[in-house]
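Scroll down for the structure; my scribbles are underneath it.
Residue numbers (this note's numbering), protein chains in the order written: chain A, 1 to 117; chain B, 118 to 294.
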């Protein structure tokens, strides 16, 4: 954005330091929306699962941005816990997907509707 | 102070690169047909997010993101794809209809627009006092003093999750001669 020859060093620094909390929140909202699109329109269970991970990452990004701009350490510790619980969730969720595939021989979300009626 | 000329340009370029990696990786993860490319997109998103955490003054979380998401989650998903992916390409027509996809995209655009608007227009005031800098030393002291109980409980949660994953993955396993 500042590769123009007229751009001097202070303008680059101003642009870099102008990135504030609101830009990180906008990026987190974009990530969340993309992940939500994936959850709604994809049929493959694994892709739906990865879209859920994207939404979780968006929430983590917002948390880290807030903790940076509040100057506290608690947000970092909470994000540590969130990532750890997400790892546990990955282990269990992927085990469930693999077990479902062994039983049903399908990874399509539409086929996994036994509890539907 | 800076020995290398143009360091600020490099830093600004790296920042833009991390943002681009995050957005492009998430788009790749959601909108590609092959699942293995989605995993690559998720890994790219995680790398970009790790860089953003570094810019947010949290090198500890950047390393955690790289270690856990790129190193563990993506590898585990690749293993799950190898175990649970049918040979033929899954029929990737939209789940209900084109109308459903359009409605989903409209709803998600509305979510993005409202959340981003709240974030951009919000009156975020920075507190007058900086309590601490969030260095790794602060995090370590906090984990082992204030949050030591939660730290121990989280290790128990991980143990139970591993046992549960093992128990679930045994279901439906055929014993081949």
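Glycine included, each C-beta is placed from N, C-alpha and C at the ideal position.
Contact check between the stretch 120 to 138 of chain B and the stretch 54 to 70 of chain A: fewer than three CB pairs, one atom from each, fall below 8 Å, which does not count as touching. By the criterion of at least three beta-carbon pairs nearer than 8 Å, the stretch 103 to 110 of chain A is not in contact with the stretch 24 to 40 of chain A.
Among the residues facing chain A, residue 266 of chain B is not included, as its CB has no counterpart in that chain under 8 Å away. By the CB criterion at 8 Å, residue 256 of chain B and residue 76 of chain A fall inside the cutoff.
In the three-state reduction of the DSSP assignment, residue 44 of chain A falls in the strand class. For residue 137 of chain B, the number of other beta carbons within 10 angstroms of its own is below 16, and it is reported as exposed.
Contact annotation: residue 29 of chain A and residue 232 of chain B have beta-carbon atoms nearer than 8 Å. In the DSSP annotation of this structure, residue 287 of chain B is not part of any alpha helix (DSSP H), being labelled neither H nor E.
Spanning the alpha carbons of residue 46 of chain A and residue 109 of chain A requires a straight line of approximately 9 Å. When DSSP states are grouped into helix, strand and coil, residue 240 of chain B belongs to the coil group. Contact between residue 55 of chain A and residue 159 of chain B is ruled out by a C-beta separation of about 12 Å, above the 8 Å threshold.
The beta carbon of residue 186 of chain B sits closer than 6 Å to the beta carbons of 163 from its chain, once the five residues preceding and following it are set aside; these are given in chain order.
For residue 76 of chain A, the enclosing alpha helix (DSSP H) begins and ends at 74 to 104. Setting aside the 5 residues that flank it on each side, residue 167 of chain B is surrounded in the same chain by 179, 182 and 183, each with a C-beta closer than 6 Å to its C-beta; the list follows chain order. Rounded to the nearest whole angstrom, the CA to CA distance from residue 113 of chain A to residue 223 of chain B is 26 Å. Within 8 Å of the CB of residue 225 of chain B, the CB atoms of chain A belong to 33, 34, 36, 37 and 40, in sequence order along the chain. In chain order, 34, 35, 38, 47, 50, 51, 53 and 54 make up the part of chain A whose C-beta sits under 9 Å from the C-beta of residue 146 of chain B.
Residue 193 of chain B and residue 90 of chain A do touch by the CB rule: their CB atoms are close to 6 Å apart, below 8 Å. Residue contact with chain B for residue 82 of chain A: absent (no Cβ-Cβ distance below 8 Å to any residue of chain B). Taking a Cβ-Cβ cut-off of 9 Å, residue 127 of chain B has no neighbours in chain A, whose nearest Cβ is about 10 Å from it.
Nearest CB-CB separation between residue 29 of chain A and chain B: below the 8 Å threshold. Taking CB atoms only, residue 237 of chain B has a neighbour in chain A less than 8 Å away.
Per the DSSP secondary-structure output, residue 108 of chain A pairs in a beta bridge with A:44.
Counting every other CB atom within 10 Å of its CB across the protein chains shown gives residue 287 of chain B a total below 16, marking it as exposed.
Per DSSP, residue 202 of chain B lies in no alpha helix (DSSP H) segment and is marked neither H nor E. In the DSSP assignment, residue 113 of chain A falls outside any alpha helix (DSSP H), carrying neither H nor E.
Between residue 175 of chain B and residue 31 of chain A, the gap from beta carbon to beta carbon reaches 8 Å or more.
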